[in-house]
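Undergrad: Numbering of the sequence shown is given in this note's numbering, commencing with residue 67 and proceeding in unit increments.
Beta carbons are placed, not taken as given, at the ideal position from N, Cα and C, and that holds for glycine.
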Amino acid sequence: MNVSGKQKALLGKMLIKAVLRVETGMHIGGGNDYAPIGAVDSPFIRDTLTHAPIIPGSTVKGKLRTLLAKNSCQGYILHTVDEDNEIIKRLFGSSGEKFACPARLQFFDLFITKDTEELFGKNIDTDTYIGEVKFENAIKRTTGVANPRQIERVPAGVKFDFKLVYNIENQSELDQDMKTLAEGLQLLQIDYLGGHGSRGYGRVSLADFTIVKIGNIQVNTERYQELFEGSSAL
Numbered sequence: 067m068n069v070s071g072k073q074k075a076l077l078g079k080m081l082i083k084a085v086l087r088v089e090t091g092m093h094i095g096g097g098n099d100y101a102p103i104g105a106v107d108s109p110f111i112r113d114t115l116t117h118a119p120i121i122p123g124s125t126v127k128g129k130l131r132t133l134l135a136k137n138s139c140q141g142y143i144l145h146t147v148d149e150d151n152e153i154i155k156r157l158f159g160s161s162g163e164k165f166a167c168p169a170r171l172q173f174f175d176l177f178i179t180k181d182t183e184e185l186f187g188k189n190i191d192t193d194t195y196i197g198e199v200k201f202e203n204a205i206k207r208t209t210g211v212a213n214p215r216q217i218e219r220v221p222a223g224v225k226f227d228f229k230l231v232y233n234i235e236n237q238s239e240l241d242q243d244m245k246t247l248a249e250g251l252q253l254l255q256i257d258y259l260g261g262h263g264s265r266g267y268g269r270v271s272l273a274d275f276t277i278v279k280i281g282n283i284q285v286n287t288e289r290y291q292e293l294f295e296g297s298s299a300l
């Protein structure tokens, strides 16, 4: 168990890359401080520079951690972050008094791939820039009155560059960490990203994994690459 306030030596790093494909319309909410008449009620988050949709790394990190915690929870009620198991804590970080450690996983914001920019940005006519607007009605049971709203979604078929870094701190724990990460990625692909997942939003898939090792430590990256590819074969 790690000691609070002390960090282990860095033996190396692994850059894990893949392509995340949106399988059903995805909505990760963005700010809408100024909404002119006729604007979408609930826009998705966009890159400030390019105005293309992005997936914040914090969204992926939080979703993976929650899925793994739920999957390992022994009771009906999900425990607190401080009660996550040791593997989850060392992968995603912990500030608890008994097990304080920095996260071994470092997530990146996800930006659209170049082929997606070419296809959706230039050749496909969408409601908004690389976005679709879905009209929905919330109907009050007691009166039957409909409350229409517009939700902006990233269309199915849009692809993002997925990247994260794993810090190799203990080689004896590497297999266990990679197995747990692969499990989380598999859970993600049978769950959803963003909001309104119970209505079919936010289904994603991961493919084309590659791993780049940095440092002199000996690591069988091909084996881990096969492990991650196996997690996407659903």
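1. Is it the case that the CB of Gln237 approaches a heavy atom of the ligand FAD more closely than 6 Å?
2. Look at the Cβ atom of Ile217, then the Cβ atom of His93, and state whether they are nearer than 7 Å.
3. Where do the N-terminal and C-terminal ends of the beta strand (DSSP E) with Met92 fall, by residue?
4. Evaluate Ile280 with the Cβ neighbour count: other Cβ atoms within 10 Å of its Cβ, from every protein chain shown; 16 or more gives buried, anything less gives exposed.
5. Could you tell me whether the region 189-196 touches the region 240-254, where touching means 3 or more Cβ pairs closer than 8 Å?
6. Could you tell me which uninterrupted alpha helix (DSSP H) segments, each at least 4 residues in length, are contained entirely in the region 232-293, listed from first to last along the chain?
7. Going by DSSP, which residues form a beta bridge with Thr194?
8. Please report the Cβ distance between Phe177 and Ile120, rounded to the nearest whole angstrom; I am assuming they are in contact, meaning their Cβ atoms lie under 8 Å.
9. Please go through the same chain and pick out, in chain order, the residues whose beta-carbon is closer than 8 Å to the beta-carbon of Gln133, but skip the five residues on each side of it.
10. In whole angstroms, what is the alpha-carbon distance linking Asp148 and Cys167?
11. Is the CB-CB distance between Ser298 and Glu89 below 7 Å?
12. Cβ of Asp175 within 7 Å of Cβ of Gly123?
13. Please report the straight-line C-alpha distance between Asn189 and Leu86, rounded to a whole angstrom.
TA: The relevant details are as follows:
1. Questions concerning the ligand FAD fall outside what the structure shown contains, since it holds no ligand whatsoever.
2. In the sequence shown, the residue the question calls residue 217 occupies position 151. In the sequence shown, the residue the question calls residue 93 occupies position 27. It is a contact, given that the beta carbons lie within the stated cut-off.
3. Taking the sequence shown and counting its residues from 1, one reaches residue 92 at position 26. Here Met92 belongs to no beta strand (DSSP E), and DSSP marks it neither H nor E.
4. Mapped onto the sequence shown, residue 280 falls at position 214. Ile280 should be labelled exposed.
5. no
6. 240-255
7. By one-based count along the sequence shown, residue 194 stands at place 128. Its beta-bridge partners are Gly197.
8. Residue 177 sits at position 111 when you count from the first residue of the sequence shown. Residue 120 sits at position 54 when you count from the first residue of the sequence shown. Going by Cβ atoms, the distance from Phe177 to Ile120 rounds to 6 Å, so yes, they are a contact pair.
9. Here residue 133 refers to the residue found at position 67 of the sequence shown. The question names Gln, but residue 133 in the sequence shown is Leu. Counting only Cβ-Cβ distances below 8 Å, and skipping sequence neighbours, we find Gly250, Leu253, Leu254 and Asp257.
10. The sequence position of residue 148 within the sequence shown is 82, counting from 1. The sequence position of residue 167 within the sequence shown is 101, counting from 1. Their backbone Cα atoms lie some 12 Å apart in a straight line.
11. Against the sequence shown, residue 298 aligns to sequence position 232. Against the sequence shown, residue 89 aligns to sequence position 23. Going by C-beta atoms, Ser298 is not nearer than 7 Å to Glu89.
12. As a position in the sequence shown, residue 175 is number 109, starting the count at 1. As a position in the sequence shown, residue 123 is number 57, starting the count at 1. Judged by their CB atoms, Asp175 and Gly123 are nearer to each other than the 7 Å cut-off.
13. Sequence index remark: in the sequence shown, residue 189 carries index 123 (1-based). Sequence index remark: in the sequence shown, residue 86 carries index 20 (1-based). So the two alpha carbons sit approximately 21 Å from each other.
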